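Undergrad: Have a look at the structure that comes next, please.
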Amino acid sequence: MEKFDDLKPRLPLTFQRTEIKKHNSKIKKTTLIAVKHIYADGIAPYNFYRPISKIVSI
Amino acid sequence: MMNQDLPFKLIANCIPVKGAKRSTICDLTRNDIKLIPNDLYNILIEHEGKSIQEIKEIYNNKYNEIINEYFDFLLKEEFIIFTDTPELFPKISLQWFEPKQITHAILDVGKNTNYDLYKAIKDLDDVGCKHLEVRFFKKVDFDGLKNIVEFIDSLESPIVSIDFTLPFHPNFEKEKILDFLSEHGRVCSLRIHGSPIKEFIPPIDKKSGYVIYSDQFIKNEKFCGVIDPSLFSINIKSFTESQHYNSCLNRKTSVDVNGDIKNCPSMTQSFGNIQEISIKKAIKNKDYKKYWSINKDQIDTCKDCEFRHICTDCRAFIDNPDDIYTKPLKCGYDPYTNQWEKWYNNPLKEKTIVIYKLEEIFV
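Protein sequence lines correspond, in order, to chains A and B. Under the working numbering, the first residue of the first sequence is numbered 1, with each subsequent residue one higher. Under the working numbering, the first residue of the second sequence is numbered 1, with each subsequent residue one higher.
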């Protein structure tokens, strides 16, 4: 019988290459907006796939 | 813990979506979204795999405080990790595949309905439908619901979820409903409209279905198509589907109160009557799938909305009935101002409300 360790996923032999872009120090940004200035609120999730019809909302 | 010198990596199932004025991070495992500024979106897209220190230098150390705040937020919400091997955390594929011809179905039952509901359910069984919603626009009692569920059980059907939308009945006491839900595992929800109370009962122990008591009075299919945050769908299945296909009509079929097989009961085009033709045959019509591949990136205004991949679109009622690529009529959200308004208060929609003869839903 297989042991639990045998069932664990193994790392690929060759590492996958990520799409890391080179640094671009010429990026010009005038302002950054802070997170706290964005209205953030929890939204009631429909977490069972998707609603079939949109006739009754909470 | 915040590490200024190690590269950061976004957790693969937390996916940023850019809107016109702000963005979201869709946490597809926790079924949640967070709103973020577009600047943070740009950092996540352009600078993933760099350290905080490097990012600060890119911005000439002018915005260190805000960048710290961004990363505090990302860490607190567990959207990122710091690692010296970011290459070991690849992106997840956003491909979507579904072997079944039909995944969702609506069966409408009105006062004058005389089609055979059980024949329609058998037809859905034949096409491998997984999710069914039965909407009653007339009074129905528990026995009516039980008969449907027991029939589906007897078929050993692939239908895994059944939603019931039905008018309030004095018999629908909370205890009885909860018993009904616990007895019938396939029942995913009961949405009871015209109720004297307004209440949401979530699934008990995440095992049974949920219940919505709504004070809305729903008379017919014209009441459908509402775009509302409570109807957003935040999970990997619908998110990936939304990248390629229409998030309402893809793999959907329905039978309206007259027995006509349609993409959606609110649409006008019929592909035959269920008494004369099978659903399997009706969906082979060349026009049947014409809406399936209209995704949110192709729809005006929606393509600039940060909620576009969690919103379950509507193609039955749209801003311009002559242009299938216009936004849902019953959406009151403006991604250019980030304001939610009552959609029917928008004077620009008045003409379209008349075209669709939707005046009755406001009475």
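Virtual Cβ for every residue (Gly too), placed ideally from N, Cα, C. Just so we're clear, the structure is a prediction, and the values are computed from it rather than from any experiment.
1. Only counting the same chain, and skipping five residues up and downstream in sequence, which positions put a Cβ closer than 6 Å to that of Ala-120/B?
2. If you follow the beta strand (DSSP E) that Ile-192/B is part of, which residue opens it and which one closes it?
3. Pro-7/B: which of Gln-53/B, Cys-331/B and Leu-40/B sits nearest, CA to CA?
4. Pick helix, strand or coil for Leu-166/B, following the three-state DSSP scheme.
5. Give the DSSP-derived three-state secondary structure of Thr-24/B in the structure shown.
6. Apart from the five residues just before and just after Ser-368/B, which ones in its own chain have a Cβ nearer than 6 Å to its Cβ?
7. Can you say whether Leu-44/B is buried or exposed, counting buried as having 16 or more other CB atoms within 10 angstroms of its CB?
8. Residues in its own chain within less than 8 Å of Pro-90/B by CB, not counting five upstream and five downstream?
9. What residue from Pro-321/B, Tyr-41/B and Tyr-344/B has the CA that sits closest to Tyr-356/B's CA?
10. Just by C-beta distance, which residues in the region 283 to 312 of chain B are closer than 7 Å to chain A?
11. Jot down the residue ranges of each uninterrupted beta strand (DSSP E) in the region 95 to 175 of chain B, minimum 3 residues, whole runs only, in chain order.
12. Can you tell me where the beta strand (DSSP E) holding Thr-253/B begins and where it ends?
13. When burial is assigned at 16 or more other CB atoms within 10 Å of the CB, is Trp-343/B buried or exposed?
14. Does the beta-carbon distance from Ile-227/B to Pro-328/B come in below 9 Å?
15. How many Å lie between Asp-179/B and Ile-299/B at the Cα?
16. Quick check: is the beta carbon of Asn-345/B nearer than 9 Å to any beta carbon in chain A?
17. Consider the Cβ of Pro-51/A: report whether some Cβ of chain B lies at a distance smaller than 9 Å.
18. Leaving out five residues before and five after Phe-168/B in sequence, what residues of the same chain have Cβ atoms less than 6 Å from its Cβ?
19. Given that Asp-163/B touches chain A, what residues does it touch there, using C-beta distances under 7 Å?
TA: Checking against the coordinates, here is how it stands:
1. In the second sequence, the residue the question calls residue 120/B occupies position 120. Taken in chain order, the residues that qualify are Leu-107, Val-255 and Ile-274.
2. For the purposes of this step, residue 192/B is taken as the residue at position 192 of the second sequence. Counting along the chain, the beta strand (DSSP E) containing Ile-192/B begins and ends at 187 to 193.
3. Taking the first residue of the second sequence as 1, we reach residue 7/B at position 7. Nearest of Gln-53/B, Cys-331/B and Leu-40/B to Pro-7/B, Cα basis: Gln-53/B.
4. The residue you call residue 166/B lines up with position 166 of the second sequence. Looking at Leu-166/B - three-state DSSP - the assignment turns out to be strand.
5. To locate residue 24/B, count along the second sequence from 1; it is residue 24. Three-state result, Thr-24/B: strand.
6. The shown model of chain B, from 1 to 363, leaves out residue 368/B, and the question about it has no answer.
7. Locating residue 44/B in the second sequence gives position 44, counting from the first residue. Result: buried.
8. By 1-based counting over the second sequence, the position of residue 90/B is 90. Cβ neighbours of Pro-90/B beyond the five flanking positions: Ala-12.
9. Against the second sequence, residue 356/B aligns to sequence position 356. Among Pro-321/B, Tyr-41/B and Tyr-344/B, the Cα nearest to that of Tyr-356/B is on Pro-321/B.
10. Thr-312
11. 104 to 109, 131 to 136 and 161 to 167
12. In the second sequence, counting from the first residue as 1, residue 253/B sits at position 253. It spans 252 to 255 - the beta strand (DSSP E) in which Thr-253/B sits, taken as one unbroken run.
13. Here residue 343/B is taken as the residue at index 343 of the second sequence, counted from 1. Looking at its Cβ environment, which holds 16 or more other Cβ atoms inside 10 Å, Trp-343/B is buried.
14. On the second sequence, position 227 is the one that residue 227/B refers to. On the second sequence, position 328 is the one that residue 328/B refers to. Judged by beta-carbon spacing, Pro-328/B lies within the 9 Å limit of Ile-227/B, meaning their Cβ atoms are closer than that value.
15. As a first step, residue 179/B is located in the second sequence; it is residue number 179 there, counting from the start. As a first step, residue 299/B is located in the second sequence; it is residue number 299 there, counting from the start. Looking at the two C-alpha atoms, the distance is approximately 43 Å.
16. Counting from 1 along the second sequence, the entry for residue 345/B is found at position 345. Contact of Asn-345/B with chain A is not assigned, every C-beta pair being separated by 9 Å or more.
17. As a working mapping, residue 51/A is identified with position 51 in the first sequence. At least one beta carbon of chain B lies nearer than 9 Å to the beta carbon of Pro-51/A.
18. Taking the first residue of the second sequence as 1, we reach residue 168/B at position 168. Ile-192, Gly-194 and Ser-195, listed in sequence order.
19. The count along the second sequence starts at 1 and reaches residue 163/B at position 163. The contacting residues are Ile-52.
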